[in-house]
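Participant:
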Amino acid sequence: MTGVLSVVLWLPVAGALILLGIPRDRIRALRSTALAVALLELAATIWAGAAVDLARTGTLQLVERVPWIPSIGISYHLGADGVSLPLVALTALLVVLCIVYSWRIETRVKDYMILLLLLETGLVGVFLALDLFLFYVFWEVSLVPMYFLIGIWGGAHRGYAAMKFFLYTLAGSLAMLLGILVVYLHASPRTFDLVDLIARRPLAHDLPLAVLAFWGFFLGFAVKVPLFPFHTWLPDAYAEAPTAGSVLLAGVLSKLGAYGFIRIVLPLLPDAFRQLAGLVAVLAVIGAVYGALVALAQTDLKRMIAYSSIGHLGYVMLGVAAAAAAGGSGALADAATKALAGATLQMLAHGIITGALFLIAGVLADGQARTGNLAEFGGLWARVPVFAAAAFVAMLASLGLPGLMGFVAEFLIFLGAYQVFPVLTVLALVGVVLTVVYFLWAIYRLFFGPLNQRWAALPDLDGRERWVLAPLCGLMVIVGMYPGPLVAVINATVANILGLVR
Amino acid sequence: MNLGLIAPELWLGLLGLGLLLVEMITGSESKRVVGWIGAAGLALALVPSWGLLGQPARLMFGGAYAVDAFAAFFKIVAAVSGILVLLAAMAFFRDRPAEHEGEVYVLIVFMVLGLVAMAAAADLILLFLAIEFVSLISYVLAGSLKADAKSSEAGVKYFFFGAVASATMLYGFSYLYGAGGSTNLYQLGPRLAGLPTPFLVVAAVLVLAGLGFKTSLVPFHQWTPDVYEGAPTPVTALLSVGSKAAAFAALLRVLYVALPPGAWVSVLAVLAAVTMSVGNLLALSQQNIKRMLAYSSIAHAGYMMIGVVALAASPTPMGSGVTAVLYYLLAYVFTNTGAFGVVIAAERLLGSDAIPDYAGFGRRAPLAAFAMTVFMLSLTGIPPTALFWGKLSLFGAALQSGLGWLAVVGILNSALSLYYYLGVVRVMYVQVPADTAPASEGLLTRALLVAAAGATLVLGIYPEPFVRLVQHASLLLRV
Numbered sequence: 067m068t069g070v071l072s073v074v075l076w077l078p079v080a081g082a083l084i085l086l087g088i089p090r091d092r093i094r095a096l097r098s099t100a101l102a103v104a105l106l107e108l109a110a111t112i113w114a115g116a117a118v119d120l121a122r123t124g125t126l127q128l129v130e131r132v133p134w135i136p137s138i139g140i141s142y143h144l145g146a147d148g149v150s151l152p153l154v155a156l157t158a159l160l161v162v163l164c165i166v167y168s169w170r171i172e173t174r175v176k177d178y179m180i181l182l183l184l185l186e187t188g189l190v191g192v193f194l195a196l197d198l199f200l201f202y203v204f205w206e207v208s209l210v211p212m213y214f215l216i217g218i219w220g221g222a223h224r225g226y227a228a229m230k231f232f233l234y235t236l237a238g239s240l241a242m243l244l245g246i247l248v249v250y251l252h253a254s255p256r257t258f259d260l261v262d263l264i265a266r267r268p269l270a271h272d273l274p275l276a277v278l279a280f281w282g283f284f285l286g287f288a289v290k291v292p293l294f295p296f297h298t299w300l301p302d303a304y305a306e307a308p309t310a311g312s313v314l315l316a317g318v319l320s321k322l323g324a325y326g327f328i329r330i331v332l333p334l335l336p337d338a339f340r341q342l343a344g345l346v347a348v349l350a351v352i353g354a355v356y357g358a359l360v361a362l363a364q365t366d367l368k369r370m371i372a373y374s375s376i377g378h379l380g381y382v383m384l385g386v387a388a389a390a391a392a393g394g395s396g397a398l399a400d401a402a403t404k405a406l407a408g409a410t411l412q413m414l415a416h417g418i419i420t421g422a423l424f425l426i427a428g429v430l431a432d433g434q435a436r437t438g439n440l441a442e443f444g445g446l447w448a449r450v451p452v453f454a455a456a457a458f459v460a461m462l463a464s465l466g467l468p469g470l471m472g473f474v475a476e477f478l479i480f481l482g483a484y485q486v487f488p489v490l491t492v493l494a495l496v497g498v499v500l501t502v503v504y505f506l507w508a509i510y511r512l513f514f515g516p517l518n519q520r521w522a523a524l525p526d527l528d529g530r531e532r533w534v535l536a537p538l539c540g541l542m543v544i545v546g547m548y549p550g551p552l553v554a555v556i557n558a559t560v561a562n563i564l565g566l567v568r
Numbered sequence: 010m011n012l013g014l015i016a017p018e019l020w021l022g023l024l025g026l027g028l029l030l031v032e033m034i035t036g037s038e039s040k041r042v043v044g045w046i047g048a049a050g051l052a053l054a055l056v057p058s059w060g061l062l063g064q065p066a067r068l069m070f071g072g073a074y075a076v077d078a079f080a081a082f083f084k085i086v087a088a089v090s091g092i093l094v095l096l097a098a099m100a101f102f103r104d105r106p107a108e109h110e111g112e113v114y115v116l117i118v119f120m121v122l123g124l125v126a127m128a129a130a131a132d133l134i135l136l137f138l139a140i141e142f143v144s145l146i147s148y149v150l151a152g153s154l155k156a157d158a159k160s161s162e163a164g165v166k167y168f169f170f171g172a173v174a175s176a177t178m179l180y181g182f183s184y185l186y187g188a189g190g191s192t193n194l195y196q197l198g199p200r201l202a203g204l205p206t207p208f209l210v211v212a213a214v215l216v217l218a219g220l221g222f223k224t225s226l227v228p229f230h231q232w233t234p235d236v237y238e239g240a241p242t243p244v245t246a247l248l249s250v251g252s253k254a255a256a257f258a259a260l261l262r263v264l265y266v267a268l269p270p271g272a273w274v275s276v277l278a279v280l281a282a283v284t285m286s287v288g289n290l291l292a293l294s295q296q297n298i299k300r301m302l303a304y305s306s307i308a309h310a311g312y313m314m315i316g317v318v319a320l321a322a323s324p325t326p327m328g329s330g331v332t333a334v335l336y337y338l339l340a341y342v343f344t345n346t347g348a349f350g351v352v353i354a355a356e357r358l359l360g361s362d363a364i365p366d367y368a369g370f371g372r373r374a375p376l377a378a379f380a381m382t383v384f385m386l387s388l389t390g391i392p393p394t395a396l397f398w399g400k401l402s403l404f405g406a407a408l409q410s411g412l413g414w415l416a417v418v419g420i421l422n423s424a425l426s427l428y429y430y431l432g433v434v435r436v437m438y439v440q441v442p443a444d445t446a447p448a449s450e451g452l453l454t455r456a457l458l459v460a461a462a463g464a465t466l467v468l469g470i471y472p473e474p475f476v477r478l479v480q481h482a483s484l485l486l487r488v
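If you read the protein sequences in the order shown, they are chains A and B. When we follow the working numbering, the leftmost residue of the first sequence carries the number 67, and every step to the right adds one. When we follow the working numbering, the leftmost residue of the second sequence carries the number 10, and every step to the right adds one.
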């Protein structure tokens with residue numbers, strides 16, 4: 067079944083080209099075409115999932131490899147495994163939901179939908195690329211549509227937030243480019259192919275140089291995650307982006323960084339990563355605690371979710387760092403697998419949960435309430451029960467309630483990381499406790515207490531909003547209750563990736 | 010003597026002379042005919058130039074003139090930039106009666122001839138004559154809008170700076186001649202090899218004054234913003250791509266052939282770093298698009314200097330400084346001429362060069378705004394655009410030759426430059442315009458923009474054939 071991944075990758079661009087041909091005033095046609103393309107993309111993703119050979123779970127499958135710029139050693143090399151394919155599916159799902167949610171967008175619908183689809187190709191490309199160069203191209207390409215989405219349809223300070231987002235990420239990715247070049251120039255024969263490079267590991271005997279390359283990749287990925295102290299662009303971008311932009315920023319873009327650590331840094335520069343894993347873990351834990359503390363102080367729902375993301379991604383990075391630190395030793399192999407599987411699952415969980423949370427915040431901010439200020443709400447429980455139920459599920463999942471998706475992931479991370487970084491893991495648990503506090507407090511401020519009479523006429527979720535939130539909440543419950551199959555696939559894959567390290 | 014080897018030069022000379030006649034007999038209403046004939050003639054010149062790419066390298070005219078793939082590549086670059094600039098000039102002069110419209114077209118063709126000679130000169134005297142030929146035409150072109158005070162100022166300013174730079178360079182040539190006893194670059198090479206380093210540094214810096222002036226290298230850059238702003242926009246475009254490319258060609262030949270590598274490399278490396286940083290920092294606050302592009306052009310001269318100093322000549326394009334510079338120049342021709350094409354369109358539609366006046370351009374002129382976005386992203390170095398490849402190869406060459414710090418400076422500068430390049434995009438798309446009436450760019454401008462933006466994207470998405478071309482062209486003649 068070769069070619070499936072190319073279909074998955076280029077379908078959104080094809081859709082964007084179709085949209086280009088539709089006149090801009092035919093808003094209905096534009097919306098439905100975009101939705102059709104996004105649904106088709108989701109179907110294609112599922113098709114790709116069905117084409118996977120389950121007997122070889124964990125290895126790279128559906129591989130496509132065509133020379134692209136042979137004189138420099140660049141090929142168009144795609145492949146999927148149990149880490150990347152679920153992330154692609156997450157992307158496809160969130161884009162569908164974003165388009166449905168964005169039915170309310172009235173200005174420049176054509177540009178909006180085209181940018182959303184181009185963004186989808188950029189994101190999917192990063193997950194599927196197995197050539198460092200291809201990876202970099204999609205990495206950068208995804209910045210441009212996001213810049214416009216924030217800059218044109220964002221909130222009051224959109225220009226500032228969009229510019230800050232682009233500048234920070236570009237500075238990081240240029241550092242990554244240097245890292246890529248260092249690896250490339252020391253490979254013989256020179257190639258950008260990730261699989262070949264991992265097999266040959268050109269910097270294995272030159273630790274100082276490997277550490278240098280590591281810093282390049284580190285800066286690129288750490289800004290994107292974002293890891294403390296590279297996070298300052300995040301609250302602005304998340305809070306100012308239009309709701310769909312926030313959903314994709316938090317749901318998918320933040321995964322690119324962690325994915326890069328897992329896909330590239332861990333297998334390609336294992337020794338350098340092992341040496342610096344402690345530092346990464348410390349930054350991750352600082353992020354987890356700091357994010358939770360700042361979230362506690364927020365009055366705006368969107369900003370609170372933004373800071374909660376910093377915390378949750380801290381757990382992800384703690385898991386990745388633990389796996390990197392333990393990678394070489396046989397005794398800790400099980401811990402490394404658990405931590406890395408947990409981190410991968412947490413990426414998916416965070417994508418689904420935070421996506422839902424931003425949609426919930428969007429319903430308030432874009433809908434009749436026109437505000438996300440938590441202090442102005444109260445007693446909504448009786449007024450908007452469906453909305454409240456969805457918010458309950460998402461917030462409880464986010465704080466890690468057992469039985470929901472977030473719990474499984476965090477549990478695995480802490481289980482694995484504790485054997486590697488016991489002190490740090492305990493400190494990270496402080497973040498978990500704080501997360502429980504601020505989410506419960508947010509639930510209280512939103513839904514309990516006296517009803518502010520301003521919201522006496524606040525409508526409940528309309529049909530479209532229910533359709534958007536139902537699949538996400540459903541997934542949180544299903545995966546939370548029955549994580550077995552997904553965890554098995556992820557486990558096999560991360561064991562394979564960690565096998566490359568040894 | 011095989012005249013076929015200088016067919017492009019002969020053809021360009023004939024074309025220029027023929028155009029002078031045509032210019033005399035056409036009425037003031039139909040001067041565009043001159044421009045069209047010039048563009049078609051330059052396109053024809055591509056054919057013999059392309060053929061020369063495959064010829065074995067040799068010297069002609071008693072060793073004064075090089076015929077090699079390197080020179081042939083620059084013939085192509087000069088002709089292509091000439092064509093693009095002629096199209097831009099015809100768009101510029103539409104509905105803008107000017108006294109010397111026809112002469113501008115003719116001079117652009119002659120300028121291409123001068124650029125071609127600069128890239129092929131293998132003798133100090135011939136090189137000097139070629140540079141002066143180009144310079145004199147540039148002064149006249151910069152001041153060609155005689156009724157416009159700013160244009161006249163640009164011409165005079167350019168002349169005074171240029172005269173000093175040329176004189177300094179000639180002084181530097183006298184050093185080389187005095188020490189080596191020859192004006193031929195290929196004879197100078199071995200004779201200068203044993204000379205003391207301080208002497209070579211002084212000579213290199215003096216020679217650099219002239220060529221650095223043409224490439225807008227700091228500290229020879231002061232003329233750039235004023236001349237770029239005052240000169241007619243198509244002329245600015247020609248100065249920014251044509252003169253720059255030919256000056257880099259001359260620089261590469263002089264430095265690689267005549268001067269033995271030594272201490273001047275570190276001097277140039279520092280100059281490269283300073284040039285990038287000065288250009289980018291000063292561009293940050295510019296409100297006039299032509300001044301912004303002037304400082305940006307200074308910054309790009311700095312990036313390209315990375316390739317000049319990265320002497321490691323390994324055969325892969327990612328490791329060789331020369332191939333990196335050639336790719337960069339090719340990409341820069343399309344990107345920067347395109348950007349000036351948008352500036353010309355905006356001057357006609359908005360009547361302004363001020364960046365804030367571009368507000369709403371994205372809705373008023375979607376094609377021009379989209380093309381400008383492509384050019385700005387390319388100038389920043391974001392894939393999949395042409396200059397991304399250029400930058401990648403430059404940084405690769407720097408790393409390869411142990412100049413990692415220079416690559417880091419380049420990266421920091423690229424990140425910095427995003428701010429002002431994206432600033433233009435932001436104004437066009439994000440800011441709310443005062444006037445939203447649609448505005449048409451005109452057919453000619455559209456064609457120019459589509460060609461330039463298309464080439465910028467093709468060079469970014471499928472660089473393979475162009476990588477091979479520059480790889481081939483970087484084998485400049487060594488005796």
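Just so you know, even glycine gets a beta-carbon here, dropped at the ideal spot from N, CA and C.
Can you find the residues in the same chain that come closer than 6 Å, C-beta to C-beta, to residue 79 of chain A, ignoring five residues on each side of it along the sequence?
Facilitator: Contacts found: 187.
Participant: Nearest by alpha-carbon distance to residue 129 of chain A: which of A:164, A:427, A:83, A:193 is it?
Facilitator: The residue with the shortest Cα to Cα distance from residue 129 of chain A is A:193.
Participant: So residue 148 of chain B contacts chain A; which residues on that side make the cut at Cβ distance below 7 Å?
Facilitator: The contacting residues do not exist; residue 148 of chain B stays about 39 Å from chain A at best.
Participant: Can you check which of these residues, A:215, A:554, A:564, A:297, is closest to residue 396 of chain A by C-alpha distance?
Facilitator: Here the closest residue by C-alpha is A:564.
Participant: Determine, using beta carbons only, whether residue 480 of chain B comes closer than 8 Å to chain A.
Facilitator: Yes - at least one Cβ of chain A is within 8 Å of the one on residue 480 of chain B.
Participant: Which two residues bound the contiguous beta strand (DSSP E) that contains residue 128 of chain A?
Facilitator: Segment 127-135, the beta strand (DSSP E) holding residue 128 of chain A.
Participant: Do three or more CB pairs link the segment 469-477 of chain B to the segment 386-399 of chain B at distances below 8 Å?
Facilitator: At 8 Å Cβ cutoff, the stretches touch.
Participant: What number of angstroms, rounded off, separates the C-alpha of residue 324 of chain B from the C-alpha of residue 403 of chain B?
Facilitator: Confidence in residue 324 of chain B is poor, its pLDDT being 48 and thus under 50, which makes the residue's placement too unreliable to answer from.
Participant: Which residue or residues does DSSP assign as beta-bridge partners of residue 130 of chain B?
Facilitator: Beta-bridge pairing links residue 130 of chain B to B:74.
Participant: Might you give, ordered along the chain, the residues of its own chain that have their beta carbon closer than 8 Å to the beta carbon of residue 167 of chain A, omitting 5 neighbours on each side?
Facilitator: Excluding sequence neighbours, residue 167 of chain A sits near 309, 310, 313, 425, 428, 530, 531, 534.
Participant: By a C-beta neighbour count over all protein chains shown, 10 Å radius and 16 as the cutoff for buried, is residue 219 of chain A buried or exposed?
Facilitator: It counts as buried.
Participant: So, at 8 Å on beta carbons, what are the nonlocal neighbours of residue 324 of chain A in its own chain, with the 5 sequence-adjacent residues on each side left out?
Facilitator: These residues qualify, in order along the chain: 287, 291, 379, 382, 383, 386, 409, 413.
Participant: Could you tell me whether the segment 357-370 of chain B touches the segment 109-116 of chain B, using the rule of 3 or more Cβ pairs below 8 Å?
Facilitator: Because the criterion of three Cβ pairs below 8 Å is not met, the segment 357-370 of chain B and the segment 109-116 of chain B do not touch.
Participant: Assuming residue 5 of chain B contacts residue 206 of chain A (C-beta within less than 8 Å), just tell me the rounded distance between them.
Facilitator: This structure cannot settle anything about residue 5 of chain B, because the visible part of chain B is limited to 10 through 488.
Participant: Can the beta-carbon of residue 163 of chain B be found less than 8 Å from the beta-carbon of residue 239 of chain B?
Facilitator: Contact flag set, yes.
Participant: Secondary structure at residue 470 of chain A, three-state DSSP: helix, strand or coil?
Facilitator: Coil, per DSSP.
Participant: Among B:350, B:67, B:34, B:483, which one has its Cα closest to the Cα of residue 11 of chain B?
Facilitator: Of the candidates B:350, B:67, B:34, B:483, the one whose C-alpha sits nearest the C-alpha of residue 11 of chain B is B:67.
Participant: Starting from the N-terminal side, write out each stretch of the beta strand (DSSP E) that is 3 residues or longer and does not extend beyond the segment 383-466 of chain A.
Facilitator: None, since the segment 383-466 of chain A contains no complete beta strand (DSSP E) of that length.
Participant: By the DSSP assignment, the alpha helix (DSSP H) with residue 140 of chain A in it spans what residues?
Facilitator: Note, residue 140 of chain A: premise wrong, no alpha helix (DSSP H); beta strand (DSSP E) at 140-146.
Participant: Using a Cβ distance threshold of 8 Å, determine whether the segment 343-351 of chain A contacts the segment 273-282 of chain A, with at least three qualifying pairs required.
Facilitator: Contact fails: fewer than three Cβ-Cβ distances are below 8 Å.
Participant: In whole angstroms, what separates the C-alpha of residue 376 of chain B from that of residue 162 of chain A?
Facilitator: Rounded to whole angstroms, residue 376 of chain B to residue 162 of chain A spans 29 Å at the Cα level.
Participant: Sorted by chain position, which residues of the same chain lie with C-beta nearer than 8 Å to residue 84 of chain A's C-beta, five sequence neighbours on each side aside?
Facilitator: If we look at residue 84 of chain A and ignore the five residues flanking it on each side, its Cβ neighbours are 99, 103.
Participant: Here's the rule: buried if 16 or more other CB atoms are within 10 angstroms of the residue's CB, otherwise exposed. What is residue 544 of chain A?
Facilitator: Residue 544 of chain A should be labelled exposed.
Participant: Could you tell me whether the Cβ of residue 192 of chain A comes closer than 8 Å to any Cβ of chain B?
Facilitator: No, residue 192 of chain A lies away from the interface with chain B (no Cβ there is under 8 Å from its Cβ).
Participant: Give me, in chain order, the residues of the same chain whose beta-carbon lies closer than 6 Å to that of residue 523 of chain A; leave out the 5 immediate sequence neighbours on both sides.
Facilitator: Cβ neighbours of residue 523 of chain A beyond the five flanking positions: none.
Participant: Name the chain B residues whose beta carbon is nearer than 8 Å to that of residue 136 of chain A?
Facilitator: Under the 8 Å cutoff, chain B gives 473.
Participant: Based on Cα-Cα distance, which residue from A:526, A:540, A:457 lies nearest to residue 505 of chain A?
Facilitator: Residue A:457 is the option with its Cα nearest to residue 505 of chain A.
Participant: For residue 302 of chain B and residue 245 of chain B, I'd like the C-alpha separation in whole angstroms.
Facilitator: Roughly 10 Å separates the two Cα atoms.
Participant: Can you tell me which of the three DSSP states residue 79 of chain B falls into?
Facilitator: Looking at residue 79 of chain B - three-state DSSP - the assignment turns out to be helix.
Participant: How should residue 105 of chain B be labelled, buried or exposed, when 16 other C-beta atoms within 10 angstroms of its C-beta is the threshold for buried?
Facilitator: Classification of residue 105 of chain B: exposed, given that the 10 Å Cβ count is below 16.
Participant: Compare the Cα-Cα distances from residue 317 of chain B to each of B:190, B:483, B:132, B:371 and report the closest residue.
Facilitator: Considering only alpha carbons, the answer is B:483.
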